[in-house]
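Residues in the first sequence are numbered from 0 upward in steps of one, following numbering that gives the first Met the number 0. Ideal placement from N, C-alpha and C gives every residue a C-beta, glycine not left out.
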Amino acid sequence: MADAAPTHKSKPGPHSKPNREGQAAGSDPQAAAAPVDFIREIVRADLRRDPATPPVTRFPPEPNGYLHIGHAKSICLNFGVAEEHRNAGARCHLRFDDTNPTRESPEYVRSIQDDVRWLGFDWGEHLYFASDYFDTFFDCGEHLIGQGLAFVDSQSADQIRDSRGTLTRPGAPSPWRDRPAEESIDLFRRMRSGEFADGTHVLRARISMEHSNLNMRDPVLYRIVHASHHHTGDRWCVYPMYDFAHPLEDALEGITHSLCTLEFEDHRPLYDWVVEHCAPVIERVLGRPSRPRQIEFARLNLTSTVMSKRKLLALVEKGLVQGWDDPRMPTLSGLRRRGYPPEAIRRFCQAIGITKFPGTTEVGVLEHQVRDELNRHSRRHLGVVRPLKVVIGNWPEDRIDTLTPAHNPDDVTSVERALPFGRELWIDRDDFMLEPPKGFFRLSPGTEVRLRYSYVMRCDEVVTDAAGEPVELRCSVDHDTLGRNPEGRKVKGVIHWVAAASAVACEFRLYDRLFTVDDPDAAEGGYEAVINPRSLDICHGWIEPALAGVLEAETRVQLERAGFFVADRHDHAAERPVLNRIIGLRDSWARRQA
RNA sequence: UGCCCCGUGGUGUAAAGGUAGCACAGGGGAUUUUGGAUCCCUUAGUCAAGGUUCGAAUCCUUGCGGGGUAGCCA
0 MADAAPTHKS KPGPHSKPNR EGQAAGSDPQ AAAAPVDFIR EIVRADLRRD PATPPVTRFP
60 PEPNGYLHIG HAKSICLNFG VAEEHRNAGA RCHLRFDDTN PTRESPEYVR SIQDDVRWLG
120 FDWGEHLYFA SDYFDTFFDC GEHLIGQGLA FVDSQSADQI RDSRGTLTRP GAPSPWRDRP
180 AEESIDLFRR MRSGEFADGT HVLRARISME HSNLNMRDPV LYRIVHASHH HTGDRWCVYP
240 MYDFAHPLED ALEGITHSLC TLEFEDHRPL YDWVVEHCAP VIERVLGRPS RPRQIEFARL
300 NLTSTVMSKR KLLALVEKGL VQGWDDPRMP TLSGLRRRGY PPEAIRRFCQ AIGITKFPGT
360 TEVGVLEHQV RDELNRHSRR HLGVVRPLKV VIGNWPEDRI DTLTPAHNPD DVTSVERALP
420 FGRELWIDRD DFMLEPPKGF FRLSPGTEVR LRYSYVMRCD EVVTDAAGEP VELRCSVDHD
480 TLGRNPEGRK VKGVIHWVAA ASAVACEFRL YDRLFTVDDP DAAEGGYEAV INPRSLDICH
540 GWIEPALAGV LEAETRVQLE RAGFFVADRH DHAAERPVLN RIIGLRDSWA RRQA
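Dropping the structure here:
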């Protein structure tokens, strides 16, 4: 070998430095620019090796809860991979993994479809239910029994658990392990026909009770559950376990790359075992072989967020939030009601990438994508969330001027709107301080500010209530400052306002993070102990009439200096506007105060 | 305690043996009729130790650290 070929690493054929960016079949420039993670690498390599077999992926939720931002990561991956290879014939299925009737419901089937569509993905005609394959699963069960690879175990659940062994100690075989195949087949069929009560028998794979991987210790394949199923009704009283059903579902649909999260890593040997040993049945049904491959990636963890369906369900059931679509929830329906644009969520999923490292992403990354998207696409309006009355002494009582600012002053193509200005205004309480700290350049007694799009105004007098709280400001404007700066002095502060005479009353729901700490799961006392008491603040204020005129449910807008808002999907009405705060603007003043 | 997986700035992620880059966050400045946006600059990283190599984040060994895993859930 010493003096063999003079070559250094010249990788032959498919390994010779593939073009990592340009391999996608699609010509979408955004897709071409998207990062290529290790899964996309595998998909591309497989397609290069075998161009006649396009990638087929699937998003396989169990309809037992609402989808959340973590699912979005999986959806974007699975549908994204398919989109990138659309020209090669790739597709992505939406499949309900509905093998446990006791937890599932049609409400979830509906919401999941709504959410995937809202996110911007389309499964075309490829909508499937695992429960539609139950006959084939059962055939596979019989096939395995016939091969001596499965048996009906008549032990109780406790006995099975006790004989499974531990992490360090092997398990012991079931006394029924060597039951004749004919007997197992007979029992298996009688299980299906409803002869036995729940828990009396199960179908188990016959692999090894000494395997170092606990999943391989004669895993249960089928159990008896006398329960009505949302999709198959009362046709079945035996249901397959995930480990049995999932590889078969994938194989039956011709899935090439079965992408799932890291906790299934240890299940892969069993996945492969099922695919291999049921291959004859699958091939008979399909008329061709089908060998899906499972690849695992890290699920999404977000700071200041709980992601488990169980905890999300608990928040809903304990009334700590107002439902699955409460705008503080990380569910897709919650984020939607909160006003997060689907595009921002997709960009977020692209930004965080796909790896096997189980890290935690800062929510700030999500919020950045939301701000960025909103900033580029939202029209600007004026609205006052916490009103404080202003009377301009040197402005005639009945004079109303109409200003015509652009909807987006940063956008030269932006159209204008009519903005009335009069003697009485509402401004925000936060923009006035009786005793301002250093560096505060909004309004205080004797100082001037710019009224956005309007005049420079001075505060001449403050009317306070018995408690000393300001209730009204008497002010005057400099008539010479409309559209130009005053001479001889600099006015640094700019505040928003709404003319009282034409203002439209509006309810504002100010949302903030649901939890006060980065890792609510690790909080002592549990996540419920660290719920942010100020995660919802309801205020009653005013918006400019031009905004009230265009507001419909789910309309997103920026209220200048106050943040981005969306008309509530359910509670907004033209005559009674309700705006949810999506997210505040970056605020370097507030940050300096903190 | 067995088995499996994973360790790159504060966080997330690139670099396929050849200049450690990007984004978010942080800091500074310019600009500004949103304390926004925009633009410029900037702080900060290969878990450790050995080995292979002209050259290692990358390959090998050992150690350390983190995650997953003992449902008739998925």
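- Look at the beta carbons and you see the region 514-522 not touching the region 341-350: under three pairs across the two are nearer than 8 Å.
- Taking a contact to require three or more Cβ pairs closer than 8 Å, the region 207-214 and the region 162-169 qualify as touching.
- Glu182: member of the alpha helix (DSSP H) spanning 180-191, first to last residue.
- Judged by DSSP secondary structure, Gln592 falls within the alpha helix (DSSP H) whose first and last residues are 587-592.
- One thing to note: Phe128 has its Cβ within 7 Å of the Cβ of His230.
- Ala204: member of the beta strand (DSSP E) spanning 201-204, first to last residue.
- Assignment of Pro469 by DSSP, reduced to helix, strand and coil, places it in the strand class.
- When the five nearest sequence neighbours on each side are left out, the beta carbons in the same chain lying within less than 8 Å of the beta carbon of Pro54 are those of Val42, Asp45, Leu46, Val80, Ala81, His84, Ala87, Ala89, Thr255, His256, in order along the chain.
- When the alpha-carbon of Asp511 is set against those of Ala504, Gly562, Asp520, Leu550, the nearest one is in Gly562.
- The three-state reading of DSSP puts Gln349 in helix, counting H, G and I together.
- Shown here for Asn300: same chain residues with a beta carbon closer than 6 Å to its own, the five before and five after excluded, namely Thr359 in chain order.
- DSSP places Ile399 outside both helix and strand once states are collapsed to three, so it counts as coil.
- In the three-state reduction of the DSSP assignment, Ile254 falls in the coil class, being assigned neither a helical nor a strand state.
- DSSP, reduced to helix, strand and coil, places Ser110 within a helical segment of the structure shown.
- Residue pairing by DSSP places Asp427 opposite Pro386 in a beta bridge.
- Taking 4 residues as the minimum length, the alpha helix (DSSP H) runs contained wholly in the region 490-576 are 544-549, in order along the chain.
- Taking the C-beta atoms as reference points, Pro386 is found nearer than 7 Å to Gly540.
- By the C-beta criterion, the region 268-285 is judged not to be in contact with the region 58-70, since fewer than 3 inter-stretch pairs fall below 8 Å.
- Every alpha helix (DSSP H) of 4 residues or more that sits fully in the region 44-93 is shown, in chain order, as 68-83.
- Within the model, the alpha-carbon separation for Ser153 versus Gly147 is close to 17 Å.
- Bridge partners of Ala244 according to DSSP: none are assigned.
- Linking Tyr454 to Pro404 through their CA atoms gives a straight-line distance of about 13 Å.
- In this structure, DSSP gives Val151 an extended state, which the three-state scheme calls strand.
- Proximity to Asp479 across Arg473, Leu509, Gly487 peaks at Gly487, based on C-alpha coordinates.
- DSSP links Pro239 through a beta bridge to Tyr221.
- Contact check between the region 373-386 and the region 490-505: three or more CB pairs, one atom from each, fall below 8 Å, which counts as touching.
- The C-beta separation of Leu424 from Trp496 comes to about 5 Å, placing the pair in contact by the 8 Å criterion.
- Here the C-alpha atom of His245 lies approximately 31 Å from the C-alpha atom of Leu365.
- Here Thr330 is buried, its C-beta having at least 16 other C-beta atoms within 10 Å.
- Bridge pairing for Phe296: Thr260 [DSSP].
- Apart from the 5 residues on each side of it in sequence, Asn212 sits with its Cβ closer than 7 Å to the Cβ of Asp265, Pro268 in its chain, given in chain order.
- Judged by beta-carbon spacing, Glu447 lies within the 7 Å limit of Val490, meaning their Cβ atoms are closer than that value.
- Here the alpha carbon of Pro469 sits roughly 15 Å from the alpha carbon of Arg441.
- If you ignore the 5 residues before and after Asp536, its C-beta comes within less than 6 Å of the C-beta of Leu509, all in its own chain and listed in chain order.
- Within 10 angstroms of the beta-carbon of Asp586 lie fewer than 16 other beta-carbons, which makes it exposed.
- Non-local beta-carbon contacts of Met432 in its own chain, meaning distances under 8 Å to residues more than five positions away in sequence, involve Phe439, Arg441, Leu442, Ser443 in chain order.
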